[in-house]
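Numbering (the working numbering), first residue to last: 5 to 266.
We put the beta carbon where it would ideally sit given N, CA and C, even for glycine.
Model, not experiment: these values are computed from the prediction.
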């Protein structure tokens, strides 16, 4: 299936590891050029060079913190230097661990900047580039926690839910410019963060981090396993393509049966 992505330019945040890196590789495999953003410049540069060499595409690394206005401005400028973006993947984010009663205002604000305002600022800066190029695609990586919250991360739940609604709202505003906006809500995806956390939690009990993760999967996912970043990336790649031309303003769950509602 020809996805029609060859020669397109895709901006991906949180692109140096995990889901963002898998999306970058999936788009590059289809011939898309990349503008990759993450805070860790050295790792990002190495991955950009590897992907460019492997797939014969252009891959530009932008060391930037998307939780700041300056960081998003740097990404927007880098895309403009490439002639503008056709695809924007708002992927950067991280989990939380707190209670509503104890979490300070500063923590709430930090997650709002990372999960919501980064997407708002990048849309304001990159949508005009897409319009000038005849249209484009904006995808938001939210979470199943946007609709089915986990008790220990209320700030993550709330900010991801806001991102999901922003995606829906933005879609109605931009479709007149032939810009399709959609949201992806992932379930359990085996990222390096999950492995790191599992190892930390099992250090004093024998170190069986694989068993810990299997128990998490058994509890939450009907499929009884974690998904891979590549499995999730496949959905992003499809939604970025002309094969998803009638997908507008929707949220797609990729969760191995974790969602318990209809």
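Scanning its chain for C-beta atoms nearer than 6 Å, with the 5 sequence neighbours on each side dropped, one finds around residue 134 the residues 140 and 183, in chain order. Counted as a single uninterrupted DSSP element, the beta strand (DSSP E) harbouring residue 184 occupies residues 183-190. Per DSSP, residue 140 is not a residue of any alpha helix (DSSP H); the beta strand (DSSP E) it occupies stretches across 140-145. Judged by DSSP secondary structure, residue 16 falls within the beta strand (DSSP E) whose first and last residues are 13-17.
A residue is called buried once 16 or more other Cβ atoms fall within 10 Å of its Cβ, and residue 249, having fewer, is exposed. DSSP places residue 257 inside the beta strand (DSSP E), whose first and last residues are 255-258. Contact fails between the stretch 54-63 and the stretch 72-81, because fewer than three Cβ pairs, one in each stretch, are under 8 Å apart. In terms of Cβ geometry, residue 30 and residue 240 form a close pair [threshold 8 Å]. Going by DSSP, residue 201 is part of no beta strand (DSSP E) but of the alpha helix (DSSP H) stretching over 196-206.
The continuous alpha helix (DSSP H) containing residue 161 extends over residues 158-178. Per DSSP, residue 39 is not a residue of any alpha helix (DSSP H); the beta strand (DSSP E) it occupies stretches across 37-42. Distance from the Cα of residue 186 is smallest, within the candidate group 44, 172 and 193, for 172.
Judged by their CB atoms, residue 209 and residue 96 are not nearer to each other than the 8 Å cut-off. Pairwise C-beta distances place the stretch 36-44 out of contact with the stretch 112-122, as fewer than three of them are shorter than 8 Å. Distances from the alpha-carbon of residue 33 to those of 19, 7 and 49 put 7 closest.
For residue 100, the closest of 128, 153 and 138 by C-alpha to C-alpha distance is 153. Rounded to whole angstroms, the separation of the alpha carbons of residue 165 and residue 150 is 4 Å.
DSSP, read as helix, strand or coil, puts residue 9 in coil. The residues 65, in chain order, have a CB closer than 6 Å to that of residue 49 in the same chain once the five nearest residues on each side in sequence are set aside.
For residue 94, the uninterrupted beta strand (DSSP E) segment begins and ends at 91-94.
With at least 16 other beta carbons inside 10 angstroms of its own, residue 243 counts as buried. DSSP places residue 75 within a helical segment (H, G or I) once states are collapsed to three. In this structure, residue 93 sits near residue 14, with a CB-CB distance shorter than 8 Å. For residue 241, the enclosing alpha helix (DSSP H) covers residues 233-244. The Cβ atoms of residue 260 and residue 191 lie closer than 8 Å to each other.
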